[in-house]
Each structure stands twice: as C-alpha cells, then as structure tokens.
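In the numbering used here, the protein residues as written are 211 to 443.
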C-alpha cells in the first residue's frame with residue numbers, strides 16, 4: 211500500500227499517526243512543560259531546597275538554578291510516548307519589562323530514525339534566600355566542639371593530618387575555628403557531622419577521645435547541651 215503524510219503529502223517516509231516526523235512535531239506537542247517553574251536556593255552557599263530540605267551540590271548560583279529547573283521538570287514534564295532518547299537542557303534566561311524571569315528549555319529526541327530539536331519558554335520563579343546553615347554560621351551557632359590537642363606538644367603537622375579527614379559536609383558544618391597555644395577548637399553546627407568526623411579520623415589514626423557536655427539546659431522538655439569532644443593526637 212502506498213504511504214504518504216496526510217498533512218504535507220510527503221511519500222515513502224516513516225509515518226507516526228499517518229504523519230511524517232516533521233508534521234507530527236508541528237501538529238502534536240512533543241512535551242508538556244509546566245507554565246511556571248518555582249524553587250528556592252541559598253544565595254550564600256548555593257544550596258537548593260529539594261523535597262523539603264536543603265541540599266548542597268552546586269558550585270555557583272547559575273548551576274544551582276539549573277539544578278532546580280531540572281529537578282522540577284523531572285517531576286512534571288510529560289513526553290509524547292513516540293519520542294525516544296528524550297533530553298532536556300536549560301538554556302538562555304532573561305527578564306521581561308515587567309520584571310518576570312523566563313528560561314528557554316531546549317529539548318531533543320528521536321522520532322523513528324530522525325533526531326528532532328525544539329524548545330519552549332517557561333516562566334521562572336526561583337527565590338534567593340539564606341539557608342538555615344548559613345544563618346547559623348553567621349551567628350556562630352554550634353552544637354559541638356572538637357578540641358584538637360597533642361598528647362605532648364601540639365604541632366601544625368597534627369592539624370594538617372586532622373583536617374585531611376574533613377569531608378565536604380564536615381567543612382561546610384564548621385561555624386568557627388579558634389586557635390590557641392594548646393591546640394585548635396573546631397565549632398560545628400551539627401553534632402552528628404562532628405562525631406562522624408572523629409570516628410573517621412580515629413579509625414585510621416591512634417588518638418585519645420573523651421566526650422563531655424557543656425551548657426546543659428532543658429529545651430521543650432528535653433535535655434539540650436553542647437557536645438565537647440577532646441581529641442589528643
């Protein structure tokens with residue numbers, strides 16, 4: 211049977227719903243995108259508010275905004291089942307005269323053996339705030355102190371050794387560092403991160419560890435105190 215596109219009349223081509231790939235893309239909506247993409251990022255550390263919590267992954271504000279765009283699109287985009295190998299990429303961003311922001315979403319996929327490229331503009335509402343961790347750091351809030359000391363004499367070599375065990379999470383959780391002739395005190399905004407760091411360090415390096423608490427009080431009927439970890443190397 212003779213095959214032809216019911217729209218443009220093109221013959222002897224692969225048909226989708228009786229249309230050639232070009233006409234199919236023009237007549238159908240290859241991908242349904244949300245009209246508005248909303249999100250929240252920290253303007254200081256570029257953390258992103260994802261699934262009800264702050265997550266750090268981006269190295270710049272642009273990267274953080276793109277991450278939010280991709281995450282929100284992944285939740286809501288609907289792609290035509292005839293399109294395979296579908297890919298999306300955030301493109302140009304701009305602001306109109308009314309102060310509204312937009313982003314161009316560039317898309318690519320395959321219909322049959324043909325690659326198609328198309329784009330759609332979406333309104334962008336990503337607000338920039340200061341996350342809880344950055345607020346705490348600015349106020350020098352802390353939940354735990356690691357007191358790094360020497361078994362005999364403290365040296366910078368011991369500091370370098372200890373800090374070589376800092377993961378990204380540990381480094382970001384430090385709200386203050388206080389040096390003295392006896393050693394260094396590291397203040398952490400999260401006691402779980404501090405304990406994990408000490409555990410990692412002592413699994414590889416022989417050290418004396420003593421835990422205690424200070425500034426104990428009752429908060430909402432529960433015991434609340436600052437954890438102090440003395441670490442002698």
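In this text, a Cβ means the ideal position worked out from N, Cα and C, and glycines have one as well.
Residue 294 - partner residues in DSSP beta bridges: DSSP, once it has assigned bridges, lists 320 as partnering residue 294.
Among 382, 295 and 347, which has the Cα closest to the Cα of residue 265? 382
Following the continuous alpha helix (DSSP H) through residue 410, name the residue where it begins and the one where it ends. 401-412
With DSSP collapsed to three states, give me the class of residue 287. coil
Proximity to residue 236 [Cα-Cα], best of 244, 226 and 245: It is 226 whose Cα lies nearest to the Cα of residue 236.
Counting Cβ pairs closer than 8 Å, one from the segment 372-388 and one from the segment 311-328, do we hit at least three? no
Closest to residue 252 by C-alpha separation, out of 273, 338 and 395, would be which residue? 338
Comparing alpha-carbon positions, which option in 340, 233 and 293 lies nearest residue 259? 340
Own chain, CB closer than 8 Å to residue 414, minus 5 neighbours either side, in chain order: 375.
Should residue 218 go down as buried or exposed, given a rule of 16 or more other Cβ atoms within 10 Å for buried? exposed
Residue 354 versus residue 254 - alpha carbon distance: 23 Å
In this structure, how does DSSP classify residue 242 when only helix, strand and coil are distinguished? strand
Suppose you measure from the CA of residue 208 to the CA of residue 297; what does that come to, to the nearest Å? As displayed, the chain neither begins before 211 nor continues past 443, which places residue 208 out of reach and without an answer.
Going by the beta-carbon positions, is the gap between residue 315 and residue 407 smaller than 8 Å? no
Which residues in the same chain as residue 271 place their Cβ atom closer than 8 Å to its Cβ, once the five residues preceding and following it in sequence are excluded? 251, 253, 256 and 338
Confirm, please, whether the CB-CB distance from residue 385 to residue 347 is below 8 Å. yes
Contact with chain D by residue 226, beta-carbon distance below 8 Å: Although the question refers to chain D, the structure presented lacks it and comprises just one protein chain.
Under the three-state DSSP convention, the category residue 213 falls into: coil
Do you know how far the Cα of residue 397 is from the Cα of residue 424? 13 Å
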